[in-house]
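K.L.:
The working numbering applies: residue 4 is where the sequence shown begins, and numbers increase by one.
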Amino acid sequence: MSANPEPDETWEVLSPEQFNGFLHRFMGLTDSLLWEVQLRWPDSSTPTLFLTLSNREREAPHEQSDGWVNLDLQLTEVDEFAIRQGARTTRVVISDGLRLIPVGDRIAIDFSGNGANETPSVEELRESEAYAIGRLLRFAVRPYQRG
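Structure, rendered in structure tokens:
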């Protein structure tokens, strides 16, 4: 699978008001397959986070892939993040889903797979093994391609 494409007009901005509908569309982002994590520091001082994962989508029929699509997420102006993986854990399958959390005027993504139905405090989020807090969240859906 190639690296995350650069956002263009096909990417959609995702606001906190749209989180519930987005999670419904993508089955709560449970049992997602995480293929790629990138942090990019272009010419600015704050990084951009890119995630590529595969997940099932409710809305569109995908007979060839049994409903699976690839989903690219981009979080801009990341000012806080952590990614840790122990020797006996893996981030490849996110069984309990991703959490999308409004944090003031920022957006947090928790992709540790811990407690998708709970909204953590900022302090609890900082204890997560895989999270980022940034300003703008975008996404793009592509046909399923195995990582």
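Every residue gets a Cβ at the ideal spot worked out from N, C-alpha and C, and that includes glycine. Nothing here was measured: the structure is a model prediction, and the numbers come from that model.
Going by DSSP, what residue range makes up the beta strand (DSSP E) through R138?
P.N.:
It is not in any beta strand (DSSP E) - R138 carries neither H nor E in the DSSP assignment.
K.L.:
Let me make sure I understand the geometry here. Which of E60, F142, G116 has the alpha-carbon closest to that of I86?
P.N.:
Looking at the Cα atoms, G116 is the closest of the given residues.
K.L.:
How should Q77 be labelled, buried or exposed, when 16 other C-beta atoms within 10 angstroms of its C-beta is the threshold for buried?
P.N.:
Counting Cβ neighbours within 10 Å, Q77 comes out buried, since at least 16 surround it.
K.L.:
Distance check for G100 and L32, CA to CA, integer angstroms please.
P.N.:
Taking the straight line joining both Cα atoms gives about 5 Å.
K.L.:
Can you check which of these residues, R61, E39, E60, is closest to L52 by C-alpha distance?
P.N.:
The shortest Cα separation from L52 among R61, E39, E60 belongs to E39.
K.L.:
Apart from the five residues just before and just after E132, which ones in its own chain have a Cβ nearer than 6 Å to its Cβ?
P.N.:
Here the set comprises R87, S115.
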